[in-house]
Every structure is written in C-alpha cells, then in structure tokens.
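A.B. asks: Residue numbers (the numbering used here): 60 to 271.
Where is the CB? At the ideal position from N, CA and C, for every residue including glycine.
Being a predicted model, the structure only gives us computed values, none of them experimental.
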Ligand code: FES
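Shown next as structure tokens:
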C-alpha cells in the first residue's frame, strides 16, 4: 500500500526537488509581493512628496475668477479684514499693508484689495491723491497680467509671484517691472466720522487681466 502510494507519491524520490520548488515559488511570490508593496509605498511617498511640492505652486498660480461683473465697491462700503472686521483708521502703521475686502453684501463676492499706509509725503507719481486718506491707499490685489494674487513685497514694491510683475504702491501701483501692461487699479477711500475706512466708489479701472 505504502509502496503503491509511493510509486506515484512525490514524497520519496524527487520529493525534495518538488517541495522545495513549491516553497521557493512561495518565497519568490512573497519576495515579489514585498517588492510590489515597497514599490507601491515608494510611489505613494513620491506622490505625496510631489503633492506637497505642487500644492504651493498651485497656490502661486491661483488665478482670481470673478463671475460678477458689476461694481465691486461703491460709496460707503466698508473695507473689512479677512475675518470680516471693519478696518479702523488706526489699523496700520506707516509701511504696513493688509489684504482687505469689501464688506460682504448680497450679490457681491470677495475682491481682494491691497491696503497700504505710508507717510503722505511718500506718495507721488501716478497716485491719485484724491483717492488716498491719511496715508492710506488701496489697490486691487489681482495682477493685471494674468490674474494671480500680488502677494509678495520687496521693500515698498509689490511683487506678483507668478511672473514677477512689480508695482509701486507709492506711485499709483504703476508697473515698475515684469510683464504686466498696466497698474493695479486704485480704489478711492476715505475715513468715516466714526473712524472706519470706506470706499467712495469702485476701482478706477478693470480688476485683473484685460482692460485699458
Ligand atoms: Fe502677475 Fe503674471 S500674473 S506677473
């Protein structure tokens, strides 16, 4: 019986050459799986690294999109900060800047605005002085070249991170470097009797790319 079983059974002669090969295949499979998992982890790690690198780049190329084409600001609209707090006249010291927005109201969306304060004597050139108040000037933050946010600064010069367009806020945000073809439009502002910064009209020109 045993002999018969063993005639066809691989556990005697040749058994070693069969069973080890099975284990070898399993080890090989496990090794392949281990490599696959390692590759997968490396890929995931790589994708994570790429994502962490591209996220800020995506932020850099963020383009302002506005579906609403009517007035953004109008007479008496308060400027508010990112938390929605109305901005008081003593909010900034000379040389400081703040991203402001029109106080939200139905039918309007955010319009990022660069609010700056300098000594009044610092302003000149293309600045519309009638649009300034107590050393404050306000400009659209949307680059006139391709619509990126003008979010960097070198000294008193605003710099757009996308193609390094440069604007001088003490001269009406005139272009002083890079590809933009026109200044950031200025916003006429004043201070209310109770000390808040408000617009007296809309931006003096087209916000973002396009326009004259
Ligand atoms: Fe600002 Fe191009 S979008 S320089």
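1. According to the neighbour-count rule (16 or more other Cβ atoms, all chains shown, within 10 Å of its Cβ), is residue 251 buried or exposed?
2. As a quick exercise: from 253, 192, 246, pick the residue whose alpha carbon is nearest that of residue 160.
3. Applying the criterion that 16 or more other CB atoms from any shown protein chain within 10 Å of the CB defines a buried residue, is residue 142 buried or exposed?
4. By the three-class DSSP mapping on this structure, what secondary structure does residue 239 have?
5. Less than 7 Å separating the Cβ of residue 189 from some heavy atom of the ligand FES?
6. Closer than 7 Å: is that where the CB of residue 206 sits relative to any heavy atom of the ligand FES?
7. Does the distance from the CB of residue 230 to the CB of residue 183 come in under 8 Å?
8. May I ask whether a heavy atom of the ligand FES can be found less than 7 Å away from the beta carbon of residue 228?
9. Hey, how far is the Cα of residue 268 from the Cα of residue 155?
10. Hey, residue 228 and residue 175: beta-carbon distance below 8 Å or not?
11. So, with DSSP's three-state summary, where would you put residue 199?
12. Nearest by alpha-carbon distance to residue 257: which of 163, 242, 234 is it?
13. Does the ligand FES have even one heavy atom less than 7 Å from the beta-carbon of residue 237?
C.D. replies: The answer reads as follows:
1. exposed
2. 246
3. exposed
4. coil
5. no
6. yes
7. yes
8. no
9. 26 Å
10. yes
11. strand
12. 163
13. yes
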